[in-house]
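Scroll down for the structure; my scribbles are underneath it.
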Amino acid sequence: MVSADTARTIVGIIVFRILFVMFCFAGNVISFFLFASPLPTFVKIYKEKAVEEFKPDPYIATAMNCMLWIFYGLPMIHPDSILVVTINSIGLAMELIYLSIFFLYASNKGRAKVIGWLALEILFLGVIAACTLTLRKTHAQRSDLVGILCVIFGVLMYASPLTVMRKVTKTKSVKYMPFYLSLANFLNGVIWATYALIRFDLYILIGNGLGALSGAIQLILYACYFKSTPKDDDENDVGMSSPSVSSSRQPTFFRIYKNKAVEEFQPYPYLCTVLNCIFWMFYGLPIVKKDNILVLTINSVGLVIELLYLTVYVVYANDRKKRLRVAHILLAEAALTVAVVLIAMLCFDKHRSLFVGIIADVFNIIMYAAPLGIWKKVITTKSVEYMPFWLSVAGLSNGICWTIYGLIPFDLFLLVSNGLGAIFGVIQLGLYCYFYFYGEKNSKEGAKRQSEVQLSNHPTGAA
146 MVSADTARTI VGIIVFRILF VMFCFAGNVI SFFLFASPLP TFVKIYKEKA
196 VEEFKPDPYI ATAMNCMLWI FYGLPMIHPD SILVVTINSI GLAMELIYLS
246 IFFLYASNKG RAKVIGWLAL EILFLGVIAA CTLTLRKTHA QRSDLVGILC
296 VIFGVLMYAS PLTVMRKVTK TKSVKYMPFY LSLANFLNGV IWATYALIRF
346 DLYILIGNGL GALSGAIQLI LYACYFKSTP KDDDENDVGM SSPSVSSSRQ
396 PTFFRIYKNK AVEEFQPYPY LCTVLNCIFW MFYGLPIVKK DNILVLTINS
446 VGLVIELLYL TVYVVYANDR KKRLRVAHIL LAEAALTVAV VLIAMLCFDK
496 HRSLFVGIIA DVFNIIMYAA PLGIWKKVIT TKSVEYMPFW LSVAGLSNGI
546 CWTIYGLIPF DLFLLVSNGL GAIFGVIQLG LYCYFYFYGE KNSKEGAKRQ
596 SEVQLSNHPT GAA
């Protein structure tokens with residue numbers, strides 16, 4: 146008979162390998178989007194036949210970074226790193242295309258800058274390759290040397306938008322800080338930092354950890370200065386900086402309060418999140434799972450916020466049936482909570498965390514799956530007006546952050562549901578990006594509707 150500890154170890158190894166493959170794939174997908182994110186910028190440069198005030202610095206830094214990571218991933222430097230080589234080869238090709246477009250429409254000074262820096266980068270790479278292959282004899286020595294250089298230039302790549310960030314704070318305009326580039330930088334840093342945690346590759350971890358931090362700062366700056374961006378900038382730069390005007394300016398419950406009506410909003414996602422928060426709070430208690438204070442605190446905050454949302458909903462729900470429905474579901478949730486607590490405390494002792502963890506996982510997955518109805522509506526209507534952008538980003542970030550947190554103590558319950566949540570978030574953002582550019586939003590009627598309507602059908606929960 147296999148013991149419980151042995152079974153848990155086997156399951157842990159299987160999940161570990163699955164997560165490793167998932168993050169390898171996700172890392173390459175996100176990296177591709179990172180490299181593709183400047184496309185709107187260069188489409189604008191091509192259309193206007195001018196580079197305006199766009200800077201080549203991030204693309205020059207990224208080209209150097211890609212070249213070094215390609216070298217790092219070669220078999221004679223760091224074996225079994227084929228994914229690192231392939232994605233950075235694609236990235237290098239794309240960066241060179243961007244720099245070629247920039248070169249065509251830049252001033253003589255701008256052209257000289259691009260040529261000069263690329264020449265220096267190629268010369269530097271040649272020197273590094275020669276020194277590494279002749280002076281370092283083992284794989285470990287070579288990967289250490291090249292890894293350190295990759296970290297340095299990875300940090301430079303992620304820090305290259307600092308000049309743009311300075312311009313944003315100075316002008317109080319996000320026109321020259323493309324949103325999707327900032328978002329892709331953040332996601333790329335998070336995914337590759339997670340990948341590095343699984344393998345514990347310190348060189349990948351340091352650079353991409355700082356990259357995630359840099360991307361987060363850019364997104365915060367974007368959120369701070371988006372509203373102060375002049376309207377003519379915003380209108381002329383659609384698709385370059387702004388993902389959605391309505392989604393950032395009129396959150397769901399602010400609209401309910403403003404209009405004094407719940408309109409088509411549904412309470413079910415918030416009711417589901419209430420139960421999800423309750424179960425994760427129970428899971429985080431010392432009598433169930435020790436040393437889980439973060440899980441307990443954030444879900445306590447989440448529960449309070451969700452109850453505030455439901456209070457606003459009940460106050461402005463004109464239909465008495467809607468109010469009663471919310472009350473009945475909350476009572477049912479309270480009864481279910483009491484039943485689960487009693488069963489866990491009376492029937493389980495050693496395996497209490499296992500029982501509560503499974504329950505919490507089930508409701509966490511239900512919470513993350515709540516937007517499936519919205520996805521269908523988005524695909525049917527070819528419009529993202531019913532899927533708020535920032536909520537999608539928050540859902541993805543929530544899944545990724547709690548997956549990373551679950552990796553550190555290797556908490557299988559945190560990993561499974563939040564890993565699925567991260568996947569759902571990626572799909573949701575993919576849908577948003579596709580239909581934002583190619584859906585009804587591009588028509589005048591779609592754009593008008595999008596500026597007037599924002600329906601949110603699920604909140605972001607924490608697990």
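One gets the working numbering by counting positions in the sequence shown from 1 and adding 145 to each. Every residue gets a Cβ at the ideal spot worked out from N, C-alpha and C, and that includes glycine. Predicted, not measured: the structure shown is a model, and the values here were computed from it.
Enclosing alpha helix (DSSP H) for residue i [first to last residue]
| i | result |
| --- | --- |
| residue 252 | Run containing residue 252: none; DSSP gives neither H nor E here. |
| residue 457 | 438 to 461 |
| residue 225 | Looking at the DSSP string, residue 225 is not in any alpha helix (DSSP H), and its letter there is neither H nor E. |
| residue 185 | 184 to 193 |
| residue 407 | Residue 407 -> no alpha helix (DSSP H), and no H or E assigned at all. |
| residue 516 | No alpha helix (DSSP H) holds residue 516; DSSP gives it neither H nor E. |
| residue 359 | 347 to 370 |
| residue 314 | 307 to 316 |
| residue 418 | 413 to 429 |
| residue 212 | 202 to 218 |
| residue 488 | 465 to 492 |
Residue i versus residue j: straight-line alpha-carbon distance, rounded
| i | j | result |
| --- | --- | --- |
| residue 326 | residue 352 | 17 angstroms |
| residue 406 | residue 497 | 43 angstroms |
| residue 473 | residue 526 | 33 angstroms |
| residue 471 | residue 411 | 10 angstroms |
| residue 523 | residue 532 | 7 angstroms |
| residue 393 | residue 534 | Note that residue 393 scores a pLDDT of 31, beneath 50, so its modelled location is shaky and nothing firm can be said. |
| residue 265 | residue 213 | 14 angstroms |
| residue 216 | residue 544 | 32 angstroms |
| residue 384 | residue 332 | Model confidence at residue 384 stands at a pLDDT of 36, short of 50, so the residue's coordinates are unreliable; what they give is reported in the following sentence. For residue 384 and residue 332, the distance between alpha carbons rounds to 19 angstroms. |
| residue 209 | residue 226 | 18 angstroms |
| residue 182 | residue 562 | 29 angstroms |
| residue 203 | residue 335 | 19 angstroms |
| residue 222 | residue 200 | 33 angstroms |
| residue 365 | residue 358 | 11 angstroms |
| residue 309 | residue 519 | 35 angstroms |
| residue 587 | residue 185 | At residue 587 the pLDDT is 44, less than 50, meaning the model places this residue with poor confidence and gives no usable figure here. |
| residue 510 | residue 287 | 44 angstroms |
| residue 478 | residue 307 | 48 angstroms |
| residue 281 | residue 548 | 38 angstroms |
| residue 317 | residue 324 | 15 angstroms |
| residue 461 | residue 232 | 51 angstroms |
| residue 337 | residue 300 | 13 angstroms |
| residue 416 | residue 565 | 20 angstroms |
| residue 444 | residue 219 | 45 angstroms |
| residue 256 | residue 268 | 18 angstroms |
| residue 560 | residue 567 | 10 angstroms |
| residue 431 | residue 418 | 22 angstroms |
| residue 294 | residue 274 | 11 angstroms |
| residue 542 | residue 480 | 32 angstroms |
| residue 380 | residue 363 | Caution applies to residue 380, whose pLDDT of 42 falls short of 50 and renders its modelled position unreliable; the value that the coordinates give is listed next. Roughly 21 angstroms between the two C-alpha positions. |
| residue 435 | residue 400 | 41 angstroms |
Residue i burial status per 10 Å Cβ neighbour count (16 or more: buried)
| i | result |
| --- | --- |
| residue 229 | buried |
| residue 402 | exposed |
| residue 284 | exposed |
| residue 492 | exposed |
| residue 507 | exposed |
| residue 421 | buried |
| residue 197 | exposed |
| residue 577 | buried |
| residue 465 | exposed |
| residue 440 | buried |
| residue 192 | exposed |
| residue 453 | exposed |
| residue 469 | exposed |
Check: residue i C-beta below 8 angstroms from any heavy atom of the ligand MG
| i | result |
| --- | --- |
| residue 540 | Inclusion of the ligand MG in the displayed structure is not the case, the ligand content being empty and no account of it being possible. |
Below-9 angstroms beta-carbon distance, residue i vs any chain D residue
| i | result |
| --- | --- |
| residue 458 | No chain D is part of this structure, which consists of one protein chain only. |
Integer Cβ distance of residue i from residue j, believed to fall under 8 angstroms
| i | j | result |
| --- | --- | --- |
| residue 580 | residue 538 | Contact doesn't hold; Cβ gap of about 16 angstroms is too wide. |
| residue 348 | residue 292 | 3 angstroms |
| residue 235 | residue 180 | 7 angstroms |
| residue 190 | residue 250 | 6 angstroms |
| residue 483 | residue 433 | So it is not a contact: roughly 15 angstroms between Cβ atoms. |
| residue 570 | residue 540 | 5 angstroms |
| residue 370 | residue 313 | 6 angstroms |
| residue 424 | residue 505 | 4 angstroms |
| residue 240 | residue 207 | 5 angstroms |
| residue 329 | residue 178 | 5 angstroms |
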